[in-house]
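Enquirer:
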Amino acid sequence: MENQQEEYQQRRDRRPEALGDLRLLPDELLCAIIDRLAPGDVGRLACVSSVMYILCNEEPLWMNLCLRFAGPLEYKNSWKKTTLYRQSLSTAVSETHEKPLTFDGFNSLYLYRRWYRRFTTLDAFFMDKGDLERKQDISLEEFCANYDGQKPVLLTDLANTWPARHSWTIDQLVKKYGETAFRISQKSSKKISMKFKDYVSYMSHQHDEDPLYVFDDKWSEEMEVIFI
Amino acid sequence: MSSGDSGPSSSKQLVQQPAAAGRSPNQPPLLGAGGRKVIVLKSGDEEEFEVDLLDAMQSRTLRRAIEDGCGDGPMPLPNLTGPVLAKVVELFRRHRGDPRWADELQETEKEGMFKDYAPQKPTAEVKGFDREFVSVDRDALFDLLRAANFLEAPGLLDVTCDAAADAVMNMTVEEVREYFGLVNDYTPEEEAALRKQHEWAFQ
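Protein chains in written order, with numbering that gives the first Met the number 0: chain A, 0 to 227; chain B, 0 to 202.
1. Span of the beta strand (DSSP E) holding serine 203 (chain A)?
2. Nearest CA to the CA of asparagine 86 (chain A): which residue from A:Leu21, A:Cys65, A:Tyr201?
3. Report buried or exposed for proline 210 (chain A), applying the criterion of at least 16 other Cβ atoms within 10 angstroms of its Cβ.
4. Which residues share a DSSP beta bridge with threonine 168 (chain A)?
5. Whole angstroms are fine: how far does the CA of aspartate 129 (chain B) sit from the CA of leucine 84 (chain B)?
6. Please classify leucine 156 (chain B): is it buried, with 16 or more other beta-carbons within 10 angstroms of its beta-carbon, or exposed?
7. On a CA-only basis, which of A:Arg13, A:Glu57, A:Ser49, A:Asp215 is nearest isoleucine 33 (chain A)? Give me that one, please.
8. Do phenylalanine 132 (chain B) and leucine 193 (chain B) come within 7 Å of each other at the CB atom, strictly closer than that value?
9. Could you tell me the alpha carbon to alpha carbon distance between glutamine 26 (chain B) and glycine 68 (chain B), rounded to whole angstroms?
10. Would you mind reading off the limits of the beta strand (DSSP E) that contains valine 37 (chain B)?
11. Quick check on serine 86 (chain A): does DSSP put it in helix, strand or coil?
12. For tryptophan 161 (chain A), count neighbouring Cβ atoms within 10 angstroms of its own Cβ and tell me buried if that reaches 16, exposed if not.
13. Examine the ligand NAD and report whether any of its heavy atoms sits within less than 6 Å of the Cβ of arginine 59 (chain B).
14. Relative to the alpha-carbon of glycine 104 (chain A), which residue among A:Phe125, A:Ser49, A:Gln135, A:Asp147 has its alpha-carbon at the smallest distance?
15. Determine the burial state of lysine 194 (chain A): buried for a count of at least 16 other Cβ atoms within 10 Å of its Cβ, exposed for fewer.
16. Name, please, each residue of chain B whose Cβ falls closer than 7 Å to the Cβ of alanine 45 (chain A).
17. Which chain B residues are close to serine 49 (chain A), counting only those with a beta carbon under 8 Å from its beta carbon?
18. Quick one: what does DSSP say glycine 70 (chain A) is sitting in, helix, strand or coil?
19. Ignoring anything shorter than 4 residues, give me the alpha helix (DSSP H) runs that lie fully in the stretch 28 to 76 of chain A, in order along the chain.
20. Who are the neighbours of aspartate 40 (chain A) on chain B, taking C-beta pairs under 9 Å?
21. How many whole angstroms separate the CB atoms of phenylalanine 179 (chain B) and glycine 42 (chain A), which I take to be in contact at a CB cut-off of 8 Å?
22. Does the stretch 70 to 90 of chain A come within contact of the stretch 118 to 125 of chain A, defined as at least 3 CB pairs closer than 8 Å?
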């Protein structure tokens, strides 16, 4: 009996029941409304029903919630965890391996499009497919005779000897400036700072449609140090 | 006070001129009294509203239609009722110069159409109007929300979404279910686990 009921639940569209009268509002409106709530409100809404749970666990939502608060930011592999950690709402974030629930019978073009923009790869947009001729060390005469106005050519290995090739790697920069706090861009009127090492960790883990950038307001003052 | 234009009663004074035959889509829409451009919006129940063209531009949907040359005759909006459209038109008029959408308009600046439309911060009067605007029952707020979504009007969306969020804020799980007639489709085990996971939200 229970199995039958479960099967039935999985097959049908769960949106109307799980949203009640809110079913009258399209998903983008529901998201816009939830966006305006406090983390506690969102947490309680997630316990209301399955579709609410889905809407309340969207990473873009938690990114917005997180960036609403000023102060230092340390990314914890997801915006929800980051927010809870920053707001000291969940004490043992790293220990809790909160297993996300999944539900059948709910489809949202709006959520899918947003997800797609976050995870789609840009690899196919790479210009160099390897079919361009590459030349290392080319003389002006050779360039004029064989390429100029005739066909494209890629000049390679020009920067190999530049010191920056070795000193401006992420690893080196983290070693030197890991603890330096930078101002982050984007979406927030609040002053939010990120240590460089935390930003690097964010860079490698994030899947944000509109990712954060760091800015150094005192760049010109520090420039000397970087170049040496 | 509101922005430096013809004042609160302007929409009443505006008179629609008969559309001249053979107007090309690129010609500016109708001119109302005082040289202001006017378009006519028609609700699903056949009510017509004259709207200052620049006010209508607060809606991206209307702006696209106007730019495509659909602003000459009455523009049918079959999914909006007369009462909803009346409220929306009034909000557009009160939100003249509101930076929530005026910044965006500057980008579409053409032929100096918006030159007397300097963005300005909402005044206390506008904020009071906004509060009054959403002091409606739940179903009426839903209608306004859907109108905002269909019209893609940032100011209207802001006001209505804020009101909806205010309504939900601080509600308990049971209150949300009750208020929206939501079915709790969790198993008791799922719900218990979720409440434990979200302990921080119940403190």
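Even for Gly, the Cβ is constructed at its ideal location relative to N, Cα and C.
Just so it is clear, the structure is predicted and the values come from calculations on it, not from any experiment.
Expert: Quick look at the numbers:
1. Here serine 203 (chain A) belongs to no beta strand (DSSP E); instead the alpha helix (DSSP H) covers 195 to 204.
2. In the sequence on display, residue 86 (chain A) carries glutamine and not asparagine. Selection A:Leu21, A:Cys65, A:Tyr201 evaluated against glutamine 86 (chain A) yields A:Cys65 as nearest (Cα-Cα).
3. Answer is exposed; the Cβ neighbour count stays below 16.
4. Listed as beta-bridge partners of threonine 168 (chain A) by DSSP are no residues whatsoever.
5. Their backbone Cα atoms lie some 16 Å apart in a straight line.
6. The residue is buried, with at least 16 neighbouring Cβ atoms inside 10 Å.
7. Minimum Cα distance to isoleucine 33 (chain A) is reached at A:Glu57.
8. No, the Cβ-Cβ distance between leucine 193 (chain B) and phenylalanine 132 (chain B) is not below 7 Å.
9. At glutamine 26 (chain B), the pLDDT of 47 sits below 50, so the modelled position is not reliable; the number obtained from the coordinates is stated separately. Looking at the two C-alpha atoms, the distance is approximately 8 Å.
10. 37 to 42 is the extent of the beta strand (DSSP E) around valine 37 (chain B).
11. The sequence given here places glutamine at residue 86 (chain A); serine does not occur at that position. The DSSP-derived three-state label of glutamine 86 (chain A) is coil.
12. Taking all protein chains in view, the Cβ of tryptophan 161 (chain A) is surrounded by fewer than 16 other Cβ atoms within 10 Å, so the residue is classified as exposed.
13. For the structure depicted, the ligand NAD is absent and the ligand set is empty, with no information on it obtainable.
14. For the residues A:Phe125, A:Ser49, A:Gln135, A:Asp147, the minimum Cα distance to glycine 104 (chain A) belongs to A:Ser49.
15. Lysine 194 (chain A) comes out buried.
16. Ordered by position in chain B, the residues that pass the 7 Å Cβ test against alanine 45 (chain A) are Leu193, His197.
17. What serine 49 (chain A) touches in chain B: Asp184, Tyr185.
18. Secondary structure at glycine 70 (chain A): strand, using DSSP grouped into helix, strand and coil.
19. Counting only runs of 4 or more, we get 38 to 45, 49 to 54, 58 to 65.
20. Scanning chain B for C-beta atoms nearer than 9 Å to the C-beta of aspartate 40 (chain A) yields Ala164, Val167, Met168, Asn169, Met170, Ala200, reported in chain order.
21. In this structure phenylalanine 179 (chain B) does not touch glycine 42 (chain A) by the C-beta definition: roughly 18 Å separates them, more than the 8 Å allowed.
22. Touching, no.
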